[in-house]
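Worksheet for the structure shown next.
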Amino acid sequence: MYKFAFITILLFLVSCHGHVDFDVASSSSSSNESNDSGTSYTPGLTQNLSGFHMGASWLTGSSGPFSDLTGEDRGFSIHSDPRGGAYLLGFSTSDLVEANANKDLILIRYNADASLDWVKHYGSVTLPNNTAGEAVFSANQTDRAPEMVFDDSDNPIIVVSTQSALYDTLDSLDVALINVNRTNGSIIWGKQYGQSISSANSQDYVISARKSGSKIYIACVTNGAFAGNTHGGNDDVLIIEADLNGNYLTSHQFNTRAVGGAATSNERVYAMEVVSDGLIFSGISANNVWSATGGTTFAAFLVKTNFSYTTQWSYTFGDNAPTGLGINNSGKLYLLNSLEVDSSGNIYAGGYASAGTGGTGLKEDCSAECSVVLSLTSSGASRWLTHFGVTTSASSPFVANTANDQITNIHVTDEGLYFVGYTQDDLFDTKNSTTNTSVTVGKLNKDTGAIIWGDQLGDSKYGSEFLAGSHTSHERPTDLYVFGDRLLVSGWTMNSTSETNQGSRDNFVFSWNKSTGAMDSP
Numbered sequence: 036m037y038k039f040a041f042i043t044i045l046l047f048l049v050s051c052h053g054h055v056d057f058d059v060a061s062s063s064s065s066s067n068e069s070n071d072s073g074t075s076y077t078p079g080l081t082q083n084l085s086g087f088h089m090g091a092s093w094l095t096g097s098s099g100p101f102s103d104l105t106g107e108d109r110g111f112s113i114h115s116d117p118r119g120g121a122y123l124l125g126f127s128t129s130d131l132v133e134a135n136a137n138k139d140l141i142l143i144r145y146n147a148d149a150s151l152d153w154v155k156h157y158g159s160v161t162l163p164n165n166t167a168g169e170a171v172f173s174a175n176q177t178d179r180a181p182e183m184v185f186d187d188s189d190n191p192i193i194v195v196s197t198q199s200a201l202y203d204t205l206d207s208l209d210v211a212l213i214n215v216n217r218t219n220g221s222i223i224w225g226k227q228y229g230q231s232i233s234s235a236n237s238q239d240y241v242i243s244a245r246k247s248g249s250k251i252y253i254a255c256v257t258n259g260a261f262a263g264n265t266h267g268g269n270d271d272v273l274i275i276e277a278d279l280n281g282n283y284l285t286s287h288q289f290n291t292r293a294v295g296g297a298a299t300s301n302e303r304v305y306a307m308e309v310v311s312d313g314l315i316f317s318g319i320s321a322n323n324v325w326s327a328t329g330g331t332t333f334a335a336f337l338v339k340t341n342f343s344y345t346t347q348w349s350y351t352f353g354d355n356a357p358t359g360l361g362i363n364n365s366g367k368l369y370l371l372n373s374l375e376v377d378s379s380g381n382i383y384a385g386g387y388a389s390a391g392t393g394g395t396g397l398k399e400d401c402s403a404e405c406s407v408v409l410s411l412t413s414s415g416a417s418r419w420l421t422h423f424g425v426t427t428s429a430s431s432p433f434v435a436n437t438a439n440d441q442i443t444n445i446h447v448t449d450e451g452l453y454f455v456g457y458t459q460d461d462l463f464d465t466k467n468s469t470t471n472t473s474v475t476v477g478k479l480n481k482d483t484g485a486i487i488w489g490d491q492l493g494d495s496k497y498g499s500e501f502l503a504g505s506h507t508s509h510e511r512p513t514d515l516y517v518f519g520d521r522l523l524v525s526g527w528t529m530n531s532t533s534e535t536n537q538g539s540r541d542n543f544v545f546s547w548n549k550s551t552g553a554m555d556s557p
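Residue numbers (our numbering): 36 to 557.
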């Protein structure tokens, strides 16, 4: 019998981070990494780690260090410690260890042997001047976990948006970087891009952060003229560059239509990756800033620029979508909210398409929103597109596809492409309620897009593992990563599993066998 609480997870990390820092000097990966002194380390975990629902047993006096979990705890991002160990980074409105300021950061570190090392709550005491909270305040996307990279000494650098005057006079909603010590989570330094950098009264939403060489690239959505840039109107895509000490270097704001002349723009970036010769990012635009025609409705875009932010290639679905993917109606592709790049430079993007029937769907007909994953080469040439429409979902491992579903995160290894998302109905399992959402997870062939396995936290497979009458509300994933032969998934739930829910939302961490798709049993 499967249980959600205390699931045994075998974690052997095969890469360096939950989100890989890309060194522009080399695209190769290794099981060992060297720090700034040249010492070689084996990243990740060498022993088992138990999965958990961060509920009742995480309170003080049981197996956890917390005194309160009655607020909102909304999912972790997953990161491997380059010197051995792992981090879970999330946020909470609970008084976990100290009084919360609103949405506070929480960072949990595990040793290489999977024992709990420390938990840090950056609340109203530990984080100076924290009066309004820190988190990833993402435009129209509430299920995003905070971002983190590592400095050259392998100390975490947390990258978030803040509503507090932490280290600078608050402009409106500011980008903040917080460097913490890997040994105990204490703050080494903090930087804030407030009025000393930009006094445009702009709200700057952190979406993604990646380290490349000696720089940190931060992808944001801004509604103002950040740091002297021109504001194109409404929301703009903003890329900020910082050094590894958090010092602001420069920024670029995409404020006019890149093809076909100037236009009032309204763009939101949802994912970014840094590669050896530039940046790749995806999002949605109401004015099709990378198309020749423009428009008034939101459309998905996928763009590659060089490090001078000159467009190398771009696609706006509904206008100039890539050919060779079997697309019937590219305007149905609404959002690509997750990006990955493999060791060969191939690009992968996941998201969802709007409903379309009678031959009007993206690639297949679909009565509701349907999940999408596509792949391009590094030069933007088409490889494949998989659409969970009526044809694909008619065969195993699918059960049905009659309600909204979407992919929220993808992760690519040499063995395949792994995805997580959620659905309102039956996808890989039956579901008793169509008003809530349940987590979906699966694996695709990364060279063809063919589905290998899929699973869902539904009622037929896992309903008995929820407390009686509990499986009636929402759960969503926030991150995933492959550790050895296990796929680890983090997220939040409003239900009570075999662990009692302690607030409006609790964090969870579960795992699956990456080859078979079987969820781990104790």
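Beta carbons: idealized from backbone N, C-alpha and C, even for Gly.
Fair warning: this is a prediction, and the values are worked out from it, not measured in the lab.
Item                                                                                                    : Value
Distance, S207 Cα to Q238 Cα                                                                            : 5 Å
Best match in V132, I445, G394 for proximity to Y457 [C-alpha to C-alpha]                               : I445
Extent of the continuous alpha helix (DSSP H) run through S495                                          : 494-497
Separation of N363 from A429, as counted between CA atoms                                               : 19 Å
Endpoints, beta strand (DSSP E) assigned at L124                                                        : 121-127
Contact belief for G125 with D108 at Cβ below 8 Å, rounded distance in angstroms                        : 7 Å
Check whether E276 and V376 have beta carbons under 8 Å apart                                           : no
Same chain, Cβ closer than 6 Å to Q227, five either side skipped, listed in chain order                 : L201, Y202, D203, D209, A211
Assumed close pair G526, E510 - CB separation to whole angstroms, cut-off 8 Å                           : 6 Å
N- and C-terminal bounds of the beta strand (DSSP E) containing N372                                    : 368-376
Inter-residue Cα distance where the pair is S64 and K250                                                : Legend: pLDDT at S64 = 32, less than 50; position of this residue unreliable, value from coordinates given subsequently. S64 and K250: Cα-Cα distance of roughly 19 Å.
Where W93 falls: helix, strand or coil (DSSP)                                                           : helix
Helix, strand or coil at A429 according to DSSP, with G and I counted as helix                          : helix
DSSP beta-bridge partners of D278                                                                       : K250
Candidates D354, N290, A334, I274, of which the one nearest I315 by Cα                                  : I274
G380 vs V310 beta-carbon contact at 8 Å                                                                 : yes
Separation of P191 from I143, as counted between CA atoms                                               : 11 Å
Inter-stretch contact (C-beta, 8 Å, three-pair minimum) for the stretch 111-126 and the stretch 144-151 : yes
Cβ separation of V455 and L523, assumed to be a contact under 8 Å, to the nearest whole Å               : Contact flag wrong, Cβ pair sits at about 10 Å.
From E133, F423, I232, residue whose alpha carbon lies closest to that of A262                          : I232
Nearest-angstrom Cβ-Cβ length linking A335 and S349, presumed shorter than 8 Å                          : Actually they do not touch by this definition, with Cβ atoms about 11 Å apart.
Inter-residue Cα distance where the pair is S473 and Q459                                               : 7 Å
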